[in-house]
Amino acid sequence: MARSDPSAPGNEAFFSRPALEVARELLGSRISDGDVVVLLTEVEAYSGESDPASHAFRGPTPRNEVMYGPAGRVYVYFSYGMHHCVNLVSEQPGIASAVLLRAGRVVDGHHTARERRGAVSDAALARGPGNLGKTLGATTALTGTTVWDGPLRWTPAGASGPVGAGPRVGVSRAADLPWRLWLIGEPSVSPYRRHPRADPPPG
DNA sequence: ATTCGGATAAGG
DNA sequence: CTTATCCGAATT
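With the first sequence counted from 1, adding 917 to any position gets you the working numbering.
What follows is the structure, given as structure tokens:
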């Protein structure tokens, strides 16, 4: 190997699957930036141009272009003019798909994390996608980097606990697809907030 | 429950 | 130009 990690082929294969499947297996795995290490506790799948809640629903744009490329790349979008939200691209090239990293538990680098986030509880450091992005120091400049030879490094999960599934947060269309997954009992998981204009829940 | 902040993209 | 959005903090 000249530059990239020898585990790159395996990592790319891991991400080159349907977003929901990748999302499920991301729970309990780790993503790091320098000394800051986060164990992922909450993720959401966004799958293809047929998913009305996905940034790719209306086809390619300069912002979402990376979602159409090979898996294992980082997609950071700048949200509401202030938050950097981190996604990991999944599926094969041509199928725009990604997993939004919604929350995690900081397991190392608390000092750096708190420099970025301020005086909040450990559980709140990386609770919510904007806060997780801030904890990792993410900016849109990370878009397109891989999680094996870029600033963000991903390592597979060991064991992880029971998994909950429910509606995605803040989406107004396809609001009740249970594509938000989390580790049950984790205090770092963000509270569910339904989009104000989503259709009423079924039942 | 509501309000601001203010990038990105779609539609008029 | 107007409206909506994969959000978070602060306020009613």
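Think of the CB as a built atom: it goes at the ideal place given N, C-alpha and C, for glycine as much as any other residue.
Quick caveat, the model's predicted, so the values are computed rather than measured.
Classification of residue i by the beta-carbon crowding that lies within 10 angstroms, buried from 16 upward
i, result
"M984", "buried"
"E1032", "exposed"
"I1101", "exposed"
"V1037", "exposed"
"T1060", "buried"
Backbone secondary structure at residue i - three-state DSSP
i, result
"E942", "helix"
"L1100", "strand"
"E961", "strand"
"T1072", "strand"
"A1055", "coil"
"L956", "strand"
"A1082", "strand"
Length of the line joining the Cα atoms of residue i and residue j
i, j, result
"A1115", "A1020", "22 Å"
"H972", "V1024", "30 Å"
"I948", "S1089", "29 Å"
"L1017", "T1029", "23 Å"
"R1111", "P977", "27 Å"
"V939", "S996", "23 Å"
"G1078", "E959", "12 Å"
In chain order, what are the residue ranges of uninterrupted alpha helix (DSSP H) at least 4 long that sit wholly in the stretch 986–1047? 1027–1034
Three or more beta-carbon pairs under 8 Å between the stretch 1060–1076 and the stretch 925–933, yes or no? yes
At a cut of 8 Å, does the stretch 939–947 reach the stretch 1039–1052 through at least three beta carbon pairs? The stretch 939–947 makes no contact with the stretch 1039–1052; the number of CB pairs closer than 8 Å stays below 3.
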